[in-house]
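Trainee:
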Amino acid sequence: MLLQRSDLKILFAALWADMAAAQTVFIQPAYVDTLARYSGLGPERAGYVLSWEMTAFAITTIAMAFFSQSLPWKRTIWAALLVIASGNVLSVFLNDFEQLLIVRILVGGASGLIVPLAFATVGRLANPERAFGLMIGVLLIYAALFLGIMPWLTSVAGATGLFGGMLVTCILAALGMRWFPGDSSPKDTGGRHKFNWPAKGHRLALAGMLLYFAHLTSFWSFASVIAQNNRVSEGSIAVALATSQIAGIAGAMLPAVWGERIPYLRALALGVLGCVVSVAILLVLTDASTFLLAVLLFHFGWNLGHSYLLALFARLDPTSNLIVMATAMQKVGIAAGPAIAAAIYGTKGSDWVMVASLLLGLAAMAALTPAARSRKVTKEQEFLIS
Numbered sequence: 000m001l002l003q004r005s006d007l008k009i010l011f012a013a014l015w016a017d018m019a020a021a022q023t024v025f026i027q028p029a030y031v032d033t034l035a036r037y038s039g040l041g042p043e044r045a046g047y048v049l050s051w052e053m054t055a056f057a058i059t060t061i062a063m064a065f066f067s068q069s070l071p072w073k074r075t076i077w078a079a080l081l082v083i084a085s086g087n088v089l090s091v092f093l094n095d096f097e098q099l100l101i102v103r104i105l106v107g108g109a110s111g112l113i114v115p116l117a118f119a120t121v122g123r124l125a126n127p128e129r130a131f132g133l134m135i136g137v138l139l140i141y142a143a144l145f146l147g148i149m150p151w152l153t154s155v156a157g158a159t160g161l162f163g164g165m166l167v168t169c170i171l172a173a174l175g176m177r178w179f180p181g182d183s184s185p186k187d188t189g190g191r192h193k194f195n196w197p198a199k200g201h202r203l204a205l206a207g208m209l210l211y212f213a214h215l216t217s218f219w220s221f222a223s224v225i226a227q228n229n230r231v232s233e234g235s236i237a238v239a240l241a242t243s244q245i246a247g248i249a250g251a252m253l254p255a256v257w258g259e260r261i262p263y264l265r266a267l268a269l270g271v272l273g274c275v276v277s278v279a280i281l282l283v284l285t286d287a288s289t290f291l292l293a294v295l296l297f298h299f300g301w302n303l304g305h306s307y308l309l310a311l312f313a314r315l316d317p318t319s320n321l322i323v324m325a326t327a328m329q330k331v332g333i334a335a336g337p338a339i340a341a342a343i344y345g346t347k348g349s350d351w352v353m354v355a356s357l358l359l360g361l362a363a364m365a366a367l368t369p370a371a372r373s374r375k376v377t378k379e380q381e382f383l384i385s
């Protein structure tokens, strides 16, 4: 058995809470398209709504790095779920742009409260590598299924189908909350810890987390544009992007099987450098075949690296301070990557976007290597003591 039954229940509760909070992130293209067509906003204002919702998401996630340890986690998630569910209900009835914008900003802010707490809770389980692999794998599968039924939902009910489906996710999260640990965590080491600035080595690892997600999103946000500029057909691009989801699920599920049997440095190298290599392939040649290979490798490495990164931060700091800060750095990287790519694309073109992404990936690996090595030393020490 990969995880104990009690840990599986906690994982179930945390992953559904995370899905309810982060669902907009997973379905961004369909979300914008639905608001543009069925809510009468048009593409520009629909994108504006998404942008502000994600900005609020990032702001509260970063704030949680400082305040999470002083909050009752379970009650905070319940309150945030109530805001998200209410926001999804209200979004069905709002046609006014300004009113919808305010509601979605509130939903985004509430979402940012949940995600770091869900990750921190999973990080406290006995085997975080396997737990994060299962968590991310299930999230990707659910997101793929949701995207698969989105055309039917919107054709039948328009925007009501979108927000109704998101409300169902909130209900599933609420049903799972009975298994979420109480506000006194089962692995709390002497009560809630106050915020402490990370140690020097941990600060470098946090910078690596930021660089890794800036690397990922700088390439991924322009992946279709890069392919189109190299005359890859829209049909080939769509098939490649859809197929890459399967590779992403495989990348997330490997940690669930491997656990700590593979050294962190080797696992992170496989994940991070896999993404770097995929970008390098397209720098050499970009056609339909190489684009398919690159995005398959990229999505595989992304989710493999993400799972082990979260587990690494959980192992480095039992107080959960570090994993909450790592989640904040992840959001900063997600915001920075597309901005970097857009600035470079406007002046240098798509090849230089890939060069920048490649360099960010290599810098991320360099920043993460000391922490991964220190974890190996710690494991050897634990073995000798035992």
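Under numbering that gives the first Met the number 0, read the sequence shown as residues 0 to 385, first letter to last. Where a beta carbon is used, it is the ideal one built from N, C-alpha and C, also for glycine.
1) Please go through the segment 317-381 and give each complete alpha helix (DSSP H) segment of 4 or more residues, from N-terminal end onward.
2) When you compare only the Cα positions, how much space is there between threonine 188 and valine 352?
3) Would you call the segment 254-269 and the segment 301-314 touching, i.e. three or more CB-CB distances under 8 Å?
4) Please say whether leucine 112 and alanine 79 have beta carbons closer to each other than 8 Å?
5) Taking the alpha-carbon of threonine 318 as reference, which of Ala342, Gly147 and Leu124 has the nearest alpha-carbon?
6) Roughly how many angstroms separate the alpha carbons of leucine 472 and glutamate 128, rounded to a whole number?
7) Phenylalanine 179 lies in the alpha helix (DSSP H); which residues open and close that run?
8) Pairing CB atoms from the segment 72-88 with CB atoms from the segment 33-49, are three or more of them under 8 Å?
9) Could you give the C-beta distance for asparagine 228 and glutamine 68, rounded to a whole number, given that I count them as a contact under 8 Å?
10) Under 8 Å Cβ to Cβ from leucine 282, same chain only, skipping five residues before and after it: list those, please.
11) Checking 8 Å against the spacing of the C-beta atoms, do glycine 147 and threonine 153 come in under that value?
12) So which of Asn94, Ile170 and Phe212 has the shortest CA-CA distance to alanine 158?
13) At what residue ranges does the segment 55-135 contain a whole run of the alpha helix (DSSP H), taking only runs of 4 or more?
14) Ends of the alpha helix (DSSP H) at proline 254?
15) Between which two residues does the alpha helix (DSSP H) carrying isoleucine 388 extend?
16) DSSP on serine 220, reduced to helix/strand/coil?
17) What is the rounded straight-line gap between the Cα of phenylalanine 11 and the Cα of threonine 60?
18) Classify glycine 200: buried if its beta carbon has 16 or more other beta carbons within 10 angstroms, exposed otherwise.
19) Are alanine 251 and valine 114 closer than 8 Å when you measure CB to CB?
20) Quick check on phenylalanine 131: buried or exposed, where buried means 16 or more other Cβ atoms within 10 Å of its Cβ?
21) Which class does asparagine 228 belong to by DSSP, given the choice of helix, strand or coil?
22) Please report how far the alpha carbon of serine 373 lies from the alpha carbon of alanine 334, in whole angstroms.
23) Buried or exposed for glycine 234, going by 16 or more other Cβ atoms inside 10 Å?
24) Round the Cβ separation of proline 180 and isoleucine 322 to the nearest angstrom and send it over; I've been treating them as touching at under 8 Å.
25) Within 10 angstroms of the Cβ of threonine 346, are there 16 or more other Cβ atoms? Answer buried if so, exposed if not.
26) Considering arginine 265, what are the terminal residues of the alpha helix (DSSP H) in which it resides?
27) Measure from the alpha carbon of valine 121 to the alpha carbon of each residue in Leu311, Lys330 and Thr242, then state which is nearest.
28) Distance, Cα to Cα, alanine 341 vs leucine 359?
29) Less than 8 Å between the beta carbons of methionine 53 and leucine 205, yes or no?
30) Indicate the three-state DSSP secondary structure (helix, strand or coil) for leucine 49 in the structure shown.
31) Going straight from the alpha carbon of leucine 166 to that of leucine 291, what length do you get?
32) Suppose contacts are defined by Cβ-Cβ distances below 8 Å. Is alanine 143 in contact with glutamine 27 by that definition?
33) Pull up the distance between the alpha-carbon of alanine 55 and that of phenylalanine 212, whole angstroms please.
34) Around the Cβ of isoleucine 83, are there at least 16 other Cβ atoms within 10 angstroms (buried) or fewer (exposed)?
35) Tell me the DSSP secondary structure of glycine 306 in three-state form.
36) What separation, rounded to the nearest whole angstrom, lies between the Cα atoms of proline 369 and arginine 202?
Mentor: A quick look at the data gives this:
1) 320-346
2) In the sequence shown, counting from the first residue as 1, residue 188 sits at position 189. In the sequence shown, counting from the first residue as 1, residue 352 sits at position 353. Any reading at threonine 188 must be qualified, since the residue scores a pLDDT of 45, below 50, and its modelled position is unreliable; no value is offered.
3) yes
4) Sequence index remark: in the sequence shown, residue 79 carries index 80 (1-based). Sequence index remark: in the sequence shown, residue 112 carries index 113 (1-based). A contact, by the Cβ cut-off of 8 Å.
5) In the sequence shown, counting from the first residue as 1, residue 318 sits at position 319. Residue Leu124 is the option with its Cα nearest to threonine 318.
6) Given that the chain is displayed from residue 0 to residue 385, the structure contains no residue 472 and the question cannot be resolved.
7) Position 180 of the sequence shown, counting from 1, holds the residue named residue 179. No alpha helix (DSSP H) contains phenylalanine 179, which DSSP labels as neither H nor E.
8) no
9) Start at 1 with the first residue of the sequence shown, and residue 228 comes out as number 229. Start at 1 with the first residue of the sequence shown, and residue 68 comes out as number 69. Asparagine 228 to glutamine 68, Cβ: 47 Å. No contact.
10) As a position in the sequence shown, residue 282 is number 283, starting the count at 1. Excluding residues up to 5 positions away in sequence, Asp350, Met353, Val354 and Leu357 lie with their Cβ nearer than 8 Å to the Cβ of leucine 282 in the same chain.
11) Mapped onto the sequence shown, residue 147 falls at position 148. Mapped onto the sequence shown, residue 153 falls at position 154. For glycine 147 and threonine 153, no; Cβs fall outside 8 Å.
12) For the purposes of this step, residue 158 is taken as residue 159 along the sequence shown, with counting starting at 1. Per the Cα distances, Asn94.
13) For the segment 55-135, whole alpha helix (DSSP H) runs of length 4 or above, ordered along the chain, are 72-92 and 96-122.
14) Position 255 of the sequence shown, counted from the start, is the residue given in the question as residue 254. Element bounds for proline 254: 233-257.
15) Because the chain in this structure spans residues 0 to 385, residue 388 falls outside the shown range and cannot be described.
16) For the purposes of this step, residue 220 is identified with residue 221 of the sequence shown, where counting begins at 1. Secondary structure of serine 220 (DSSP, three-state): coil.
17) Stepping through the sequence shown from its first residue, residue 11 is reached at position 12. Stepping through the sequence shown from its first residue, residue 60 is reached at position 61. So the two alpha carbons sit approximately 21 Å from each other.
18) Within the sequence shown, the letter at position 201 stands for residue 200. The residue in question, glycine 200, is exposed, as its Cβ has fewer than 16 Cβ neighbours within 10 Å.
19) By one-based count along the sequence shown, residue 251 stands at place 252. By one-based count along the sequence shown, residue 114 stands at place 115. Result no, Cβ atoms of alanine 251 and valine 114 do not sit closer than 8 Å.
20) Counting from 1 along the sequence shown, the entry for residue 131 is found at position 132. So phenylalanine 131 ends up on the buried side.
21) Translated into the one-based positions of the sequence shown, residue 228 becomes position 229. Helix at asparagine 228.
22) In the sequence shown, residue 373 corresponds to position 374, counting from 1. In the sequence shown, residue 334 corresponds to position 335, counting from 1. Distance between the alpha carbons of serine 373 and alanine 334 is about 29 Å.
23) Taking the sequence shown and counting its residues from 1, the one referred to as residue 234 is at position 235. When all chains shown are included, glycine 234 counts as exposed.
24) Position 181 of the sequence shown, counting from 1, holds the residue named residue 180. Position 323 of the sequence shown, counting from 1, holds the residue named residue 322. That pair is no contact at about 15 Å.
25) If you number the sequence shown from 1, residue 346 lands on position 347. Exposed, since its Cβ has fewer than 16 Cβ neighbours within 10 Å.
26) Residue 265 sits at position 266 when you count from the first residue of the sequence shown. For arginine 265, the enclosing alpha helix (DSSP H) has its first and last residue at 263-283.
27) For the purposes of this step, residue 121 is taken as residue 122 along the sequence shown, with counting starting at 1. The option with the nearest alpha carbon to valine 121 is Leu311.
28) Taking the sequence shown and counting its residues from 1, the one referred to as residue 341 is at position 342. Taking the sequence shown and counting its residues from 1, the one referred to as residue 359 is at position 360. Spanning the two alpha carbons is a distance of roughly 15 Å.
29) Position 54 of the sequence shown, counted from the first residue, corresponds to residue 53. Position 206 of the sequence shown, counted from the first residue, corresponds to residue 205. Result no, Cβ atoms of methionine 53 and leucine 205 do not sit closer than 8 Å.
30) Position 50 of the sequence shown, counted from the start, is the residue given in the question as residue 49. Leucine 49 falls in the helix class under three-state DSSP.
31) Mapped onto the sequence shown, residue 166 falls at position 167. Mapped onto the sequence shown, residue 291 falls at position 292. Using only the alpha carbons, I get a separation of about 34 Å.
32) Position 144 of the sequence shown, counted from the first residue, corresponds to residue 143. Position 28 of the sequence shown, counted from the first residue, corresponds to residue 27. Against a cut-off of 8 Å, the Cβ pair of glutamine 27 and alanine 143 comes out as no contact.
33) By one-based count along the sequence shown, residue 55 stands at place 56. By one-based count along the sequence shown, residue 212 stands at place 213. Approximately 18 Å, taken between the alpha carbons.
34) Position 84 of the sequence shown, counted from the start, is the residue given in the question as residue 83. It counts as buried.
35) Position 307 of the sequence shown holds residue 306. The sequence shown places serine at residue 306, rather than the glycine named in the question. In the structure shown, serine 306 sits in a helix (DSSP, three-state: H, G or I).
36) Numbered from 1 along the sequence shown, position 370 holds the residue referred to as residue 369. Numbered from 1 along the sequence shown, position 203 holds the residue referred to as residue 202. Looking at the two C-alpha atoms, the distance is approximately 11 Å.
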